[in-house]
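Visitor:
2 protein chains.
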Amino acid sequence: MARISIRDVAIHAGVSVGTVSNVLNRPNLVAEATRERVQASIGELGFVRNETARQLRQGRGHILGVVLPTMSNPHFTEVGRAAEEAMNADGFDALWCTSDGSRAKEQRCLDFLEEQNVSGVLISPLDLDEDRVAELHGHGLAVVLLDRVGVRVCSVGADHRAGGALAARHLLTRRHRRLLFVTGPLSARPVRERHHGAVRAALNAGLTERDLTTFEQAEMTAAAGQAAAVRLLTLDPLPTGVFCANDLLALGLVNELVRAGVKVPAEISVVGYDDIDLAATAVVPLTTVRQPRAELGRTATELALAETGDPEHHDHRQVVLSPELIVRESA
Amino acid sequence: MARISIRDVAIHAGVSVGTVSNVLNRPNLVAEATRERVQASIGELGFVRNETARQLRQGRGHILGVVLPTMSNPHFTEVGRAAEEAMNADGFDALWCTSDGSRAKEQRCLDFLEEQNVSGVLISPLDLDEDRVAELHGHGLAVVLLDRVGVRVCSVGADHRAGGALAARHLLTRRHRRLLFVTGPLSARPVRERHHGAVRAALNAGLTERDLTTFEQAEMTAAAGQAAAVRLLTLDPLPTGVFCANDLLALGLVNELVRAGVKVPAEISVVGYDDIDLAATAVVPLTTVRQPRAELGRTATELALAETGDPEHHDHRQVVLSPELIVRESA
DNA sequence: GCAAGATCGTGAATCGTTTCAAGGTACGCT
DNA sequence: AGCGTACCTTGAAACGATTCACGATCTTGC
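Chains as they are written, first to last, in the numbering used here: chain A, 1 to 331; chain B, 1001 to 1331.
#1: Could you tell me whether the region 276-283 of chain A touches the region 246-257 of chain A, where touching means 3 or more Cβ pairs closer than 8 Å?
#2: At least one CB of chain A closer than 8 Å to the CB of P1074 (chain B): is that the case?
#3: Excluding the 5 residues flanking A1222 (chain B) on each side, which residues of the same chain have their C-beta closer than 6 Å to its C-beta?
#4: Would you mind sorting T1019 (chain B) into buried or exposed? The rule is 16 or more other CB atoms within 10 Å of its CB.
#5: With distance defined between alpha-carbon atoms, name the residue in B:R1037, B:S1021, B:V1284, B:E1312 nearest to G1014 (chain B).
#6: Determine the DSSP secondary structure at R148 (chain A), reduced to helix, strand or coil.
#7: Which residue from B:L1166, B:A1168, B:M1220, B:L1303 puts its Cα closest to that of G1184 (chain B)?
#8: So E209 (chain A) is in the beta strand (DSSP E); what residue range does that whole segment cover?
#9: Between which residues of its own chain and A1257 (chain B) is the CB-CB distance below 7 Å, once the five residues before and five after are set aside?
#10: So A1040 (chain B) and D1127 (chain B) are supposed to be a Cβ contact under 8 Å. How far apart are they, rounded?
#11: When the Cα of Q291 (chain A) is compared with those of A:V262, A:E32, A:L146, A:R7, which residue comes out closest?
#12: Going by DSSP in three states, R1290 (chain B) sits in which element: helix, strand or coil?
#13: Going along the region 1202-1226 of chain B in order, which residues come within less than 9 Å of chain A, judged by CB to CB distance?
#14: Would you check if the region 20-28 of chain A and the region 73-82 of chain A touch, i.e. whether three or more CB-CB distances between them fall below 8 Å?
#15: Closest Cβ-Cβ distance between A104 (chain A) and chain B: below 8 Å?
#16: With DSSP as the reference, identify every bridge partner of T183 (chain A), one or two as the case may be.
#17: Check E324 (chain A) in the structure and name its three-state DSSP category.
#18: Nearest by alpha-carbon distance to V1143 (chain B): which of B:P1323, B:E1307, B:H1313, B:V1319 is it?
#19: Report yes if the C-beta distance between G61 (chain A) and S119 (chain A) is below 8 Å; otherwise report no.
#20: Below 6 Å CB to CB, which residues in the same chain sit around V340 (chain A) once its five sequence neighbours on both sides are set aside?
#21: Using a Cβ-Cβ cut-off of less than 7 Å, give me the residues of the region 1132-1146 of chain B that come near chain A, in sequence order.
#22: Would you report the Cα separation of K1105 (chain B) and N88 (chain A), rounded to the nearest angstrom?
#23: At 4 residues or longer, and completely inside the region 107-149 of chain A: list those alpha helix (DSSP H) runs for me, N to C.
#24: Identify the contact partners of Q116 (chain A) in chain B, using a Cβ-Cβ distance below 8 Å as the criterion.
#25: Using a Cβ-Cβ cutoff of less than 6 Å, which residues in the same chain neighbour A201 (chain A) once the five nearest sequence positions on both sides are dropped?
#26: Alpha carbon to alpha carbon, what distance is there between E193 (chain A) and R161 (chain A)?
#27: For T70 (chain A), which residues of its own chain have a beta-carbon under 7 Å away from its beta-carbon, when the five flanking residues on both sides are left out?
#28: To the nearest angstrom, how far is the alpha carbon of T1173 (chain B) from that of D90 (chain A)?
#29: Determine the contact status of R3 (chain A) and H1137 (chain B), defining contact as a CB-CB distance below 8 Å.
#30: What are the residues in the region 1256-1279 of chain B lying within 7 Å of chain A by C-beta distance?
#31: Please determine, among A:Q217, A:V199, A:E216, the residue with the shortest C-alpha to C-alpha distance to E209 (chain A).
#32: CA-CA distance, I1042 (chain B) and Q1318 (chain B)?
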C-alpha cells in the first residue's frame, strides 16, 4: 500500500539512491549492467516517480496552467487543446482551470496554480486585473494573456476589432442597411472590441446610429441566441443583417429564426464569430469570422515556454493574429 | 524573484518556522498577537504556500484527477464541472486530463496523475484496461469509473441499455417500423450498450433485422452526423425513425436532413442521446435521452472522496443512474 | 512562595527527489 | 611500480513544508 520510493528501488537493486536517480535522469552516466538491474527493479516494484518531490527539489514543475472562462464553448477548449499539444511536445503538461464566469473563481484558479508551483500561466482573463498579473509575474511565473494585451507580459490574441469590421463589412457588401448586433457582456473586452469594430465599420459605410440595434445578452450561449431571435422578431422594421458575437449565439439565433419561418439568409442574414466546428454543420452553414485557434494556443505556449526558459532577458511580445472571414450560406 | 518560503516569513516576523506553519494550519494554537504579526508578514512578503512541499510531507495532495475522452463534447465537460464543484466543496481540486480518443494518451494521463500524487482518479475510460486500474488502485489511489462498471472499484454510470431502449421504444410507439441506428465506435462500451438496448427493444416489439440499419461512425461529432444523413438519404426504402448515439450526431444529422428538404419529424423522426444544452435550441428541438450529468459527476466525486477518506474498510459501490426520455419535437 | 497546569513557541526530523563533490576501480602507459 | 585517465558509484546536502516532543513562560490555588 505504501508508495514505492526511489529508496526502495535502490535497496532492491542493491545500489544507492543516487544511482537510481541517475538511471532515471542521466542514464548515460550509468553502466549498462547496473542500469538494467535498476530498470528491472523499477518494473518489478511498480515504482512511479513522485513528481511532487522532484518539483520541490528542482524549483518549478514542468507544468503550465491554462485558465479559461468556460469549458462549454468549444472555441476555448480547442485553444486549450492546441496549447496543451505544444506543451507536451516540449515535455510540459497542462493544468486546466475554469473561471466559469466568476471573478472569484478566477482568483481561486490563479491561487491554486501558484500553489501548485506551475512555471507559467496562459490565461484568458474575464476582466484583466493588472495587479494580480504583476504579482504572479513578480513571483516568477511566466504569464501569457490570451485575447487581451497587458502591460509588461506577453500576450497573444486575435484582432477583434478587425474581426468585427470584417463581419459588418460583409453584411454591408450584401446591401444590408439595417443591422442588429447581438453581443455578449460588453464588459468583456474582446466582445466589446468586436462590437466596436462592427459599429465603426457600419458608420464608416454611411449608416447612422438609427440603422443599428444592439442586444447585449448576459450569456453567450445558444439559448441566449434563441432569446435574441425572439426579441429580434418584435423589432420594427426588422433588421436584415445580424452579427453575433460568437457562433453559439448565432446558432441559437438562426435556429430560432428558421423555426419561425424566416428564411436565412434570404430575409435575414447572420454572421457569427469563432468558426467552431458546429458552424459548418448548422442548418444554414454559418458565415463566420474564424479565429486562428490552433495558432493562438500554440503561440501562447511558445511565448510562455520562451519566458520560463530564459526569464532574465526576455522581452515581452504582443502577438496579434488576424481573423479571417469564412463565407458559408448564412450571409 | 526567488520564491518566498515559510522560512522567510518566519525571519520577517521574528518567529520560528514551526510557528508560521501553525498559523497556517492550526491558528488556534498561536497567541493572537503572534498570529497577527505572522499574518502581516505573510501579506507583506506576498507569501504563497508551496503546495508541492506540503503534499510531499503529507503524503497525498488534495487533488482528484478527472480523465475525459474529449473536451469537445459538452456532455463530458459538464460531468466534469459537476464533479469539480463537489470536490471544491470538500477542499479538493480537480486536475483535468483528456485522452483525446487515444489509448496511448489515456495512459499518459494516468501516469501523469499518478506522478502528480493525486489521491484519486475519476475516469471515463475509452476501453477499460482492468490491469491498469488495478495497478492504480494498488498504488493507493481511489479510482471511480464513469460510465463503466469494473471489478473491484467504484463506478457510476447511467444505464445505457435502458437509455437505448427508451429511445427505440419511443420511436416504436410513434409507429416507426424502419429504423436507423447511427452509432459511434461499437468498441466503446456505452455506445455498444445504447445500441444493444435499442436493437433489443426493436426486436422485442416485433421488428426484424431487416427493419434495422446501423451506421457505425468513427467519430461522434456533428460532422459525422451530417455524413450519416447524406448516407441515410441513399437508403431505399428510407428509414422513418433514427436513433443517434449522441446529440452531436443527431444535431448534424437533423440539420442535414432539414437542408435536404426532409421534414423532421414528419418524414423522419430523430432521437438523440445526452441532452446537451444545444439539444433544446436546435432547429428542431431534439427529443433525446437525458443523462443525469450533474448527479453523475457529483456522485463520482463522493465515491472517490469516501474512499480516500477511509481506504481500509471501504466497499466499492456500483451506482447506476436512470436515463430519462426528454420528448421535444424531433420525434 | 511554590507546585501544578495551561499556554505558546521552538527546532529537529521527515517526506522523495536531484545534484554534486568525492571516492573506487580498472586500465593503459611510461 | 607508479601515475594519470576514464568511468561508475556513493553519500550527504538541499528543496519547503508539517509535525511533535520538549522547553519556556505565565497562571492559579493553596
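Don't be surprised by glycine CBs; every beta carbon is placed ideally from N, CA and C. No experiment lies behind these values; they were computed from the predicted model shown.
Guide: Concretely, from the data shown:
#1: yes
#2: Position 74 of the second sequence holds residue 1074 (chain B). For P1074 (chain B), the answer is yes, since a Cβ of chain A falls inside 8 Å of its Cβ.
#3: Taking the second sequence and counting its residues from 1, the one referred to as residue 1222 (chain B) is at position 222. Cβ neighbours of A1222 (chain B) beyond the five flanking positions: L1248, L1251, G1252.
#4: If you number the second sequence from 1, residue 1019 (chain B) lands on position 19. Counting other Cβ atoms within 10 Å of its Cβ, T1019 (chain B) reaches 16 or more and is therefore classed as buried.
#5: Along the second sequence, one-based indexing puts residue 1014 (chain B) at 14. Minimum Cα distance to G1014 (chain B) is reached at B:R1037.
#6: On the first sequence, position 148 is the one that residue 148 (chain A) refers to. R148 (chain A): coil per DSSP, three-state reduction.
#7: Here the question's residue 1184 (chain B) lines up with position 184 in the second sequence. Checked all of B:L1166, B:A1168, B:M1220, B:L1303; the closest Cα to G1184 (chain B) is B:M1220.
#8: On the first sequence, position 209 is the one that residue 209 (chain A) refers to. Annotation: E209 (chain A) is outside any beta strand (DSSP E) and is labelled neither H nor E by DSSP.
#9: Translated into positions along the second sequence, residue 1257 (chain B) becomes position 257. The question names Ala, yet the displayed sequence has Leu at residue 1257 (chain B). Only A1229, V1264, I1268 meet the Cβ criterion.
#10: The count along the second sequence starts at 1 and reaches residue 1040 (chain B) at position 40. The count along the second sequence starts at 1 and reaches residue 1127 (chain B) at position 127. About 55 Å; that fails the 8 Å criterion.
#11: As a working note, residue 291 (chain A) is residue 291 in the first sequence. Nearest of A:V262, A:E32, A:L146, A:R7 to Q291 (chain A), Cα basis: A:L146.
#12: Against the second sequence, residue 1290 (chain B) aligns to sequence position 290. For R1290 (chain B), the three-state secondary structure derived from DSSP is strand.
#13: Answer in chain order: T1221, A1222, A1223, G1225, Q1226.
#14: no
#15: What you label residue 104 (chain A) is simply residue 104 of the first sequence in a count that begins at 1. No, its Cβ sits nowhere closer than 8 Å to a Cβ of chain B.
#16: Residue 183 (chain A) sits at position 183 when you count from the first residue of the first sequence. DSSP, once it has assigned bridges, lists A:E216 as partnering T183 (chain A).
#17: The residue given as residue 324 (chain A) occupies position 324 in the first sequence. Strand at E324 (chain A).
#18: Against the second sequence, residue 1143 (chain B) aligns to sequence position 143. Taking only the C-alpha atoms, the option nearest V1143 (chain B) is B:E1307.
#19: Within the first sequence, residue 61 (chain A) is the residue found at index 61, counting from 1. Within the first sequence, residue 119 (chain A) is the residue found at index 119, counting from 1. Yes, they are a contact pair.
#20: What the structure shows of chain A is the stretch from 1 to 331, and residue 340 (chain A) is not part of that stretch, so it cannot be assessed.
#21: E1135, H1139, G1140
#22: The residue given as residue 1105 (chain B) occupies position 105 in the second sequence. The residue given as residue 88 (chain A) occupies position 88 in the first sequence. The straight-line gap from Cα to Cα measures roughly 11 Å.
#23: 130-138
#24: What you label residue 116 (chain A) is simply residue 116 of the first sequence in a count that begins at 1. Ordered by position in chain B, the residues that pass the 8 Å Cβ test against Q116 (chain A) are E1051, T1052.
#25: Locating residue 201 (chain A) in the first sequence gives position 201, counting from the first residue. Only A165, A168, R169 meet the Cβ criterion.
#26: Position 161 of the first sequence, counted from the first residue, corresponds to residue 161 (chain A). Position 193 of the first sequence, counted from the first residue, corresponds to residue 193 (chain A). Going by the C-alpha atoms only, they are around 5 Å apart.
#27: Counting from one through the first sequence, the residue named residue 70 (chain A) turns up at place 70. Cβ within range, chain order: F76, T98, D100, G101.
#28: On the second sequence, position 173 is the one that residue 1173 (chain B) refers to. On the first sequence, position 90 is the one that residue 90 (chain A) refers to. Roughly 56 Å separates the two Cα atoms.
#29: If you number the first sequence from 1, residue 3 (chain A) lands on position 3. If you number the second sequence from 1, residue 1137 (chain B) lands on position 137. Contact flag unset, no.
#30: V1258, R1259, D1277, L1278
#31: Position 209 of the first sequence, counted from the first residue, corresponds to residue 209 (chain A). Answer by Cα proximity: A:V199.
#32: Position 42 of the second sequence, counted from the start, is the residue given in the question as residue 1042 (chain B). Position 318 of the second sequence, counted from the start, is the residue given in the question as residue 1318 (chain B). If I take the Cα positions, the gap works out to 46 Å.
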